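If you count the sequence shown from 1, you need to add 1 to reach the working numbering. All C-beta atoms, glycine included, are put in the ideal place defined by N, C-alpha and C. Quick caveat, the model's predicted, so the values are computed rather than measured.
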Amino acid sequence: MLTKGSLPITYIDGFHDIEAVRKMEYRRLGNTDMDVSVIGFGGAALSSFYSRISDNDGIELVEYAIKQGINFIDTAPWYGYGRSENLLGKVLPNIPRDAYYIATKVGRYEPSTDRMFDFSAKKIFASVDNSLRTMKLDYLDILQVHDLEFAPSVDQIINETLPALKMIKDSGKVRYIGITGYPLNILKNVAENAKIDTILSYCRYCLFDTSLKNYMDFFESCGLGVINAAPIGMGLLSQSGPPEWHPATTEIKDACRKAVNYCNKIGVDICKLAVRSCIDCKRLATTVISSTNIDILKSNLTTAHEPLTQAELRALKYIKNKYFQDLKSNDWEGFEVAKYRRQLNGH
């Protein structure tokens, strides 16, 4: 972990806002050589999965984020079915390559059920080359298996998918390899049986579900860098609420809506509570957030720089106890995979 005020090796004189970079905190990502900003830029923001965003606004978002000291970008071919990587390909050539670390994914691609997932080595080799070409990059910092729980079996991930990633790493196209997914037990299972560098977990360290902390000892014992994502619960804790496709149970959605309404009533920004709670967990290297406009991005940057006030800490404690502590279930594990399998089988 860099001491506060120190400049990371990603700092570029004449490009960055030096004062903003000095205010940002950077933490080492596992056993990699990367000190990453405590908040990362979520490429899903460029996909229009959450709200429409123009090319110009997307380009402005990325440039501003990096100049302000965010040095970790996470994207995927799945985000906008290529739009996120395409937009990054328009902006990254104008940004010094040493100013950021970038991660993308393989395995999840298209909206149609029969073409959504492909974890085969052949597809992965083609996918990484396409990502490099699309984003106009010579190499990636991290290549991740996307939502590995949707694979026909964990055996395929361990025996075919990850060996393909290892070959790509050995070729020099990527520096590190990792896995992403929702079920923590499957992430743990794969990490026990394969050599990887990072794991990305989403919606498992947030206001309504902190299950990730139960796995941190294991992930750290493996030397894995832990990337936390979706602190707002993929929209559950936002003012507009979750998108229609959100897989959470009605119970979770209702609890989140009540928590949002309570915070609005007392004049507290629940998104700040959610994001800062993640930053305050020192074991999480970075928390990836999809900031869909410049105002949200600026707000998240402010949250990264400032601790919670006493009033905000009281509100945080209240909503956790009042709305989330007694949930019958605080996750939706298995729901999406079961739905996908039914659709795949024509049911």
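Cβ-Cβ distance between residue i and residue j below 8 Å
i	j	result
Cys-279	Asn-229	yes
Leu-88	Gly-59	yes
Asp-198	Ile-178	yes
Leu-213	Leu-185	yes
Ala-192	Leu-166	no
Arg-277	Leu-309	yes
Thr-162	Leu-345	no
Arg-84	Leu-138	no
Val-261	Ala-316	no
Ile-67	Phe-120	no
Ile-271	Cys-282	no
Thr-288	Ile-40	yes
Gln-145	Thr-181	yes
Ala-305	Met-25	yes
Val-63	Phe-42	yes
Residue i classed as buried or exposed, judged by whether at least 16 other C-beta atoms fall within 10 angstroms
i	result
Ile-19	exposed
Gly-44	buried
Lys-106	buried
Lys-123	exposed
Arg-134	exposed
Asn-215	exposed
Gly-6	exposed
Ala-231	buried
Lys-340	exposed
Reference residue i; option with closest CA among the options
i	options	result
Met-117	Leu-133, Thr-135 and His-147	His-147
Tyr-101	Tyr-140, Glu-337 and Thr-135	Tyr-140
Glu-337	Glu-150, Ile-13, Lys-68 and Phe-73	Glu-150
Asp-36	Asn-72, Phe-42 and Ser-85	Asn-72
Tyr-110	Arg-98, Lys-91, Glu-86 and Asn-95	Glu-86
Gly-234	Ile-180, Pro-248, Thr-181 and Thr-304	Pro-248
Asp-255	Phe-209, Ile-267 and Phe-219	Phe-209
Meets three-Cβ-pair contact criterion under 8 Å: the region 320 to 331 and the region 76 to 83: no
Whole runs of the alpha helix (DSSP H) within the region 105 to 137, excluding any shorter than 4 residues: 122 to 136
Length-filtered (3 minimum) beta strand (DSSP E) runs lying within the region 177 to 254: 199 to 203 and 226 to 230
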